[in-house]
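Visitor: Following this message is one structure expressed as structure tokens.
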Amino acid sequence: MTENHSASHGTETQRHRAEGPQKHIIVFVLSMVLTIIAFAAVAAGNVNKTFVIFLLLGMAIVQVFAQLAFWMHMKDRGHFFPIIGIVGGAFVVLMLVALALLWTWW
Amino acid sequence: MSAHEHAGALPPEPEKATLEGRNKILGFWLFLGAETVLFGTLFSAYLAFRNSTLDGPKPEELFQLPMTFIMTVALLVSSLTSVFAVQAMHRHKTGPMLGWMAVTIALGAVFLGLEIYEFNEYAHEGHRFTTSAFSSAFYSLVGFHGGHVAFGILWIGLLILQILRKGLTVVTAPKVYVSAIYWHFIDVVWVFIFTVVYLMGKV
């Protein structure tokens, strides 16, 4: 990424900070494609139900990881506590969902 | 573009230039951790009650995928435009930043308008808050998300007005950054809502 900006003017820090929109547009296109696959799989119908549910969850999780990492900058340095916060929250959510499903299934 | 006078003195990442700004971002992330749990409780209630429809309409009878798809695209594009707002902020371009923020809330308003229309349609089809455990859990989860969108529109709207008055400074920059993080979080929650509620309701 830095090579792209090496020709532009400005100090070392400014060159480093001014990241281009390319990777964010890639995340957007990826999210769009995953969303379309998910909707198409459901709209198609008559596909194995269990397979579609796991496909949908897979599409959602990949999309969310990409957005958390790039759009919400969690991949950048200095995001230890944000990761602790979100992973901790996600852990509680998984337990809650497991509890709700076990409670209604058995 | 009068804010360019202020821009000259701004550091490259104005939202992280002060300890207060960094603390606001950290505190906001901890808030989002709590929000994750809060939405998790609503998701778990929905998953537990999604088949408890009594005499009311079932999920597969209610949901219209084209509508959900348009709402999803509106929110996804708005998430991208709020990335552009933060990128404009990092370049100290106040005008484009405010423009992208305005586009973001306009798309948020499209999403919210469609959701209100959708809920109104459901109510006419006999799917009201007290119809069944499914309907209560559905409106709690999706309505609470819609409430977050409404709050985001209000928040970013007021932020635009404040920056028009005060310009982009090390005080206002963390607010822009944090509101963008909030907006992405709304989109992330929606990804799970359209997957778990709408698409799985149609499988």
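Residue numbers (my numbering), protein chains in the order written: chain B, 891 to 996; chain S, 525 to 727.
Yeah, the Cβ is synthetic: ideal placement off N, Cα and C, and Gly gets one too.
1) Straight-line CA distance for residue 931 of chain B to residue 577 of chain S?
2) Taking only beta carbons into account, state which residues of the segment 938–953 of chain B come closer than 8 Å to chain S, listed in chain order.
3) Keeping to the same chain, check which residues put their C-beta closer than 6 Å to that of residue 589 of chain S; ignore five residues upstream and five downstream.
4) Should residue 687 of chain S be flagged as near chain B, meaning a C-beta pair shorter than 9 Å?
5) Throw me the rounded Cβ distance for the residue 730 of chain S and residue 602 of chain S pair, which I believe falls under 8 Å.
6) Taking contact to mean 3 or more Cβ pairs, one atom from each stretch, closer than 8 Å, check whether the segment 605–624 of chain S and the segment 646–653 of chain S are in contact.
7) For residue 653 of chain S, which of helix, strand or coil comes out of DSSP?
8) Report all residues from its chain with a CB closer than 8 Å to the CB of residue 669 of chain S; omit the five preceding and five following residues, and keep chain order.
9) In chain B, which residues lie with their C-beta within 8 Å of the C-beta of residue 611 of chain S?
10) Might you give, ordered along the chain, the residues of its own chain that have their beta carbon closer than 7 Å to the beta carbon of residue 672 of chain S, omitting 5 neighbours on each side?
11) Taking 9 Å as the CB-CB limit, is residue 724 of chain S close to chain B?
12) Shorter than 9 Å from the beta carbon of residue 553 of chain S to some beta carbon of chain B?
13) State the start and end residues of the unbroken alpha helix (DSSP H) segment that holds residue 604 of chain S.
14) Does the distance from the C-beta atom of residue 707 of chain S to that of residue 628 of chain S stay below 9 Å?
15) Take the Cβ of residue 559 of chain S as the centre, count every other Cβ of all protein chains shown within 10 Å, and call the residue buried at 16 or more, exposed below.
16) Which class does residue 967 of chain B belong to by DSSP, given the choice of helix, strand or coil?
17) Go ahead and pull the three-state DSSP assignment for residue 620 of chain S.
Guide: Reading off the structure:
1) Their Cα atoms are separated by approximately 25 Å.
2) Correct list: 939, 942, 943, 946, 947, 949, 950 and 953.
3) Cβ neighbours of residue 589 of chain S beyond the five flanking positions: none.
4) By this cut-off, residue 687 of chain S is not an interface position.
5) What the structure shows of chain S is the stretch from 525 to 727, and residue 730 of chain S is not part of that stretch, so it cannot be assessed.
6) The segment 605–624 of chain S vs the segment 646–653 of chain S: no contact.
7) Note: residue 653 of chain S maps to coil in three-state DSSP.
8) Sequence-distant partners of residue 669 of chain S (beyond 5 residues in either direction) whose C-beta falls short of 8 Å from its own C-beta, in its chain, are 563, 710, 713, 714 and 717.
9) Going along chain B in sequence order, the residues near residue 611 of chain S (Cβ under 8 Å) are 909, 911 and 914.
10) Within the same chain, residue 672 of chain S has close Cβ partners 710.
11) Output row for residue 724 of chain S: interface = yes.
12) So yes, residue 553 of chain S belongs to the interface.
13) Taken as a continuous stretch (DSSP letters only), the alpha helix (DSSP H) holding residue 604 of chain S covers 589–614.
14) Contact flag set, yes.
15) Counting Cβ neighbours within 10 Å, residue 559 of chain S comes out buried, since at least 16 surround it.
16) Residue 967 of chain B falls in the coil class under three-state DSSP.
17) Secondary structure at residue 620 of chain S: helix, using DSSP grouped into helix, strand and coil.
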